[in-house]
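A.B. asks: Dumping the structure here so I can ask a few things about it.
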Amino acid sequence: MSNENRPKSSHWADINAEKIIREKGKKEHYTCASGITPSGTVHIGNFREIISVDLVVRALRDKGENVRFIYSWDDYDVFRKVPKNMPKQELLETFLRKPITLVPDVLGTEESYARANEKNLEELLPVVGVKPEYIYQASKYRNSEYAEGIKKALENRDVIRRQLNESRTTDLPDDWYPVSVFCAKCDRDTTKVTGWDGHYGVEYECESCGNKETVDLKTTAAVKLPWRIDWPMRWAYEDVDFEPAGKDHHSEGGSFDTARKTSLEVYGQEAPVTFQYDFISIKGRGGKISSSTGEVVSLIDVLEVYTPEVTRYMFAGTRPNTEFSISFDLDVLKIYEDYDKCERTYFEKPESPKALKKWEKQARIYELSQVDGIPEVMPYQIQIRLLSTLLQIFSGDVDRVIEYLGDVKPQQVDKLKAKAQCAWNWVKNFAPEDFKFSLREDTDDKIEVGEVEGKALKLLSDKIEAYMDSCDEKEFSTHLYDVARELEIETSDFFPVVYKALISKEKGPRLISFLYIIGKEKLVSLLGKY
RNA sequence: GGGCCGCUAGCUCAGCUGGCAGAGCAACGCCCUUUUAAGGCGUGGGUCACUGGUUCGAACCCAGUGCGGCUCACCA
């Protein structure tokens with residue numbers, strides 16, 4: 001962050017960073033945590049969790065702090081239901097009640113279902129500049145690394161039961177233990193804990209296979225803590241300073257609420273600084289992906305249409321506790337225009353203190369939207385609409401678009417290409433039909449036109465040949481209208497014919513500019529044959 | 001029932017560690033000799049949901065009311 005005479009940032013990420021330092025005190029390093037259960041495709045809603053933490057991590061680092069950014073895969077959670085978007089439903093059903101790390105990968109060849117879901121995201125996160133340290137809970141639990149934490153929960157069984165009962169409708173029974181066990185024989189969590197020896201021995205009985213044994217917390221892979229206890233145990237284990245959570249956790253009586261109490265009373269430390277983030281919804285993907293089931297939109301789908309910077313921008317520019325939707329319809333254009341405006345603002349820093357204050361907010365959002373550092377040269381500014389039109393004229397060939405533009409600097413090429421790829425994907429997959437066109441080929445048959453219309457096209461072709469090189473757009477428009485005038489046809493009849501001859505549609509981009517973009521040579525070959 | 005969020009122009013929203021009420025779209029007008037899906041300039045448009053409080057000053061802070069949404073009280 002460039003600091004010369006800058007007003008103090010009021011961005012939520014910076015405010016939270018300050019709050020962490022204030023509440024946790026000055027520390028050698030701060031631990032920021034995020035985590036989710038890979039019980040299915042990791043969707044874009046889950047991504048809000050990760051990116052929210054990443055933004056706060058960046059804010060802390062920009063203040064010169066050392067930060068450990070951990071990301072926990074809760075892959076020792078139970079496989080509770082089969083997501084509808086997964087193949088091999090019957091096979092998956094046979095693994096219900098087992099930990100997801102033991103469910104086979106039905107999508108490919110990963111070692112497990114959990115791993116497959118994890119890998120999908122892990123491979124993509126660096127693309128948007130997110131690089132956490134991954135922690136795999138299945139591995140932690142199965143190696144008994146949490147033995148002491150589990151034992152502590154058992155020792156405080158009554159305290160925890162009281163804490164949980166405060167927000168339950170029905171009290172936990174007297175013989176309840178604050179642990180859950182995966183049966184060592186059948187791997188299911190259909191077990192009942194029947195005793196604890198006061199040290200490391202836990203006795204259980206499996207209700208599905210009848211297995212009954214006593215396991216040692218120091219060596220067993222079977223015992224895990226239920227979520228509401230697991231969370232504070234890990235806060236203590238990793239010394240977590242900051243972890244946000246979704247609104248489902250943040251209600252009174254929700255899991256953050258009880259975890260906070262357990263953290264303090266059982267594990268002896270304050271809960272991390274936190275905030276609540278809201279859900280995000282999807283707009284404009286009607287029927288495109290979903291057929292039978294719950295449509296799962298994940299990061300990879302978003303990156304098809306939004307560049308990594310614009311993707312970050314949507315999250316960095318929205319306060320976490322407000323809901324917003326990620327759009328795939330015409331709103332895409334607006335988002336890009338907003339981002340471009342933000343970008344131009346960043347590179348045009350004002351002088352007056354008053355203007356500087358407004359600038360600061362946008363500038364900070366821009367910085368937080370970048371994947372690796374601020375570009376040295378402002379990226380090439382082109383309206384996404386124009387870019388889409390150009391791409392359609394050149395059939396998606398980005399190099400020809402860049403050649404046409406003529407003034408793209410070498411340092412700007414990569415980002416422009418990335419933007420063009422997204423624009424092209426959007427046009428192909430999501431743009432309304434009205435928006436789409438493709439230029440006719442020279443080899444295509446002529447369209448059917450009446451006698452006068454044919455003459456008009458021919459005349460237009462002649463005028464293009466005669467005047468286009470020597471006139472600018474404004475001057476040439478006279479010749480365009482002359483065609484209609486000379487042949488005594490209404491422009492409202494004339495324009496559609498031109499569009500039809502060019503793109504087989506009755507409407508199109510504003511004609512004069514459109515003709516200039518297409519260029520004389522191509523026009524003459526398309527129109528001259530009438 | 002508890003908690004959280006929202007209510008600002010016709011629409012979608014920004015503005016919220018208090019300082020002249022904003023943007024985009026829509027509308028209207030003008031220009032590009034003329035509509036359309038990329039243009040330019042301009043105009044109109046507001047009880048900032050309501051009531052009260054704090055303050056020199058409130059869309060913003062506090063207390064309450066109404067309407068709408070989400071969420072928890074199983075599991076994670």
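Residue numbers (the working numbering): 1 to 530. Glycine included, C-beta positions come from ideal geometry on N, C-alpha and C.
How would you label Phe279, buried or exposed, when you count the other beta carbons within 10 angstroms and need 16 or more for buried?
C.D. replies: One-based indexing of the first sequence puts residue 279 at position 279. By the 10 Å Cβ count, Phe279 comes out exposed.
A.B. asks: Taking a contact to mean a Cβ-Cβ separation below 9 Å, would you say Tyr30 touches Ile15 in this structure?
C.D. replies: Numbered from its first residue, the first sequence carries residue 30 at position 30. Numbered from its first residue, the first sequence carries residue 15 at position 15. Contact: no.
A.B. asks: If Ser180 sits next to Gln137, beta carbons under 8 Å apart, how far is it from one beta carbon to the other, in whole angstroms?
C.D. replies: Within the first sequence, the letter at position 180 stands for residue 180. Within the first sequence, the letter at position 137 stands for residue 137. Not quite, the Cβ-Cβ distance comes to about 13 Å (not below 8 Å), so this is no contact.
A.B. asks: Where in the region 27–88 do unbroken runs of the beta strand (DSSP E), each at least 3 residues long, occur, reported from the N-terminal end onward?
C.D. replies: DSSP runs (the beta strand (DSSP E)) wholly in the region 27–88: 30–36 and 67–73.
A.B. asks: Could you check whether the region 503–517 touches the region 374–382, counting it as contact only if at least three pairs of C-beta atoms, one from each stretch, sit closer than 8 Å?
C.D. replies: no
A.B. asks: Give every residue of the same chain whose Cβ lies closer than 7 Å to the Cβ of Ala116, excluding the five residues on either side of it in the sequence, and list them in chain order.
C.D. replies: Residue numbering aside, residue 116 sits at position 116 when the first sequence is read from its first letter. Cβ within range, chain order: Asp105, Leu107, Gly108 and Glu110.
A.B. asks: Beta-carbon within less than 6 Å of Lys419's beta-carbon, same chain only, minus the 5 sequence neighbours each way: which residues are those?
C.D. replies: Locating residue 419 in the first sequence gives position 419, counting from the first residue. Hits under 6 Å: Thr307.
A.B. asks: Let me check one thing: in DSSP terms, what residues is Pro99 bridge-paired to?
C.D. replies: Walking along the first sequence from the start, residue 99 turns up at place 99. According to DSSP, which records beta bridges pairwise, Pro99 is partnered with Val78.
A.B. asks: CB-CB under 8 Å to Val427, same chain, minus the five flanking residues each way: which ones, in chain order?
C.D. replies: Residue numbering aside, residue 427 sits at position 427 when the first sequence is read from its first letter. The residues are Ser388, Leu391, Gln392, Phe435 and Lys436.
A.B. asks: Please report the residue range of the beta strand (DSSP E) in which Thr136 lies.
C.D. replies: Locating residue 136 in the first sequence gives position 136, counting from the first residue. For the sequence presented, residue 136 should be read as Tyr rather than Thr. Per DSSP, Tyr136 belongs to the beta strand (DSSP E) from Glu133 to Tyr136.
A.B. asks: With DSSP as the reference, label Asp301 as helix, strand or coil.
C.D. replies: What you label residue 301 is simply residue 301 of the first sequence in a count that begins at 1. Helix.
A.B. asks: Taking 9 Å as the cut-off, decide whether the C-beta atoms of Phe275 and Cys32 are in contact.
C.D. replies: As a first step, residue 275 must be located in the first sequence, where it is residue number 275. As a first step, residue 32 must be located in the first sequence, where it is residue number 32. Result no, Cβ atoms of Phe275 and Cys32 do not sit closer than 9 Å.
A.B. asks: Should Ile503 and Arg440 be called a contact, given that it needs their Cβ atoms to be closer than 9 Å?
C.D. replies: To locate residue 503, count along the first sequence from 1; it is residue 503. To locate residue 440, count along the first sequence from 1; it is residue 440. For Ile503 and Arg440, yes; Cβs fall inside 9 Å.
A.B. asks: Check this for me: beta carbons of Arg68 and Glu23, under 9 Å apart or not?
C.D. replies: Position 68 of the first sequence, counting from 1, holds the residue named residue 68. Position 23 of the first sequence, counting from 1, holds the residue named residue 23. Cβ distance not < 9 Å, so Arg68 and Glu23 don't count as in contact.
A.B. asks: Here's the rule I'm using: 16 or more other beta-carbon atoms within 10 Å means buried, otherwise exposed. How should Asp187 be labelled?
C.D. replies: As a position in the first sequence, residue 187 is number 187, starting the count at 1. Answer is buried; the Cβ neighbour count reaches 16.
A.B. asks: If you compare alpha carbons, which of Ala13, Lys8, Arg168 and Ile384 is closest to Gly317?
C.D. replies: In the first sequence, residue 317 corresponds to position 317, counting from 1. Closest option to Gly317, Cα to Cα, is Ala13.
A.B. asks: Determine whether the beta carbon atoms of Arg312 and Ile51 lie at a separation below 9 Å.
C.D. replies: Start at 1 with the first residue of the first sequence, and residue 312 comes out as number 312. Start at 1 with the first residue of the first sequence, and residue 51 comes out as number 51. Judged by their CB atoms, Arg312 and Ile51 are nearer to each other than the 9 Å cut-off.
A.B. asks: Would you mind listing the beta strand (DSSP E) stretches within the region 145–208 that are 3+ residues and don't spill past its ends, in chain order?
C.D. replies: 191–196 and 201–206
A.B. asks: Given this structure, state the Cα-to-Cα distance separating Pro83 from Val296, to the nearest angstrom.
C.D. replies: In the first sequence, residue 83 corresponds to position 83, counting from 1. In the first sequence, residue 296 corresponds to position 296, counting from 1. Approximately 10 Å, taken between the alpha carbons.
A.B. asks: Which residues bound the beta strand (DSSP E) around Ile280?
C.D. replies: Here residue 280 refers to the residue found at position 280 when the first sequence is read from its first residue. Ile280 to Lys283 is the span of the beta strand (DSSP E), which, as asked, contains Ile280.
A.B. asks: Tell me the DSSP secondary structure of Tyr516 in three-state form.
C.D. replies: Locating residue 516 in the first sequence gives position 516, where the first residue counts as 1. Three-state result, Tyr516: helix.
A.B. asks: Determine the burial state of Lys288: buried for a count of at least 16 other Cβ atoms within 10 Å of its Cβ, exposed for fewer.
C.D. replies: Indexing the first sequence from 1 puts residue 288 at position 288. Because Lys288 sits at a pLDDT of 45, beneath the cut-off of 50, its placement in the model cannot be relied upon, and the point is left open.
A.B. asks: Scan the region 312–390 and note each continuous beta strand (DSSP E) run of 3 residues or more that stays entirely inside, going in chain order.
C.D. replies: 324–327
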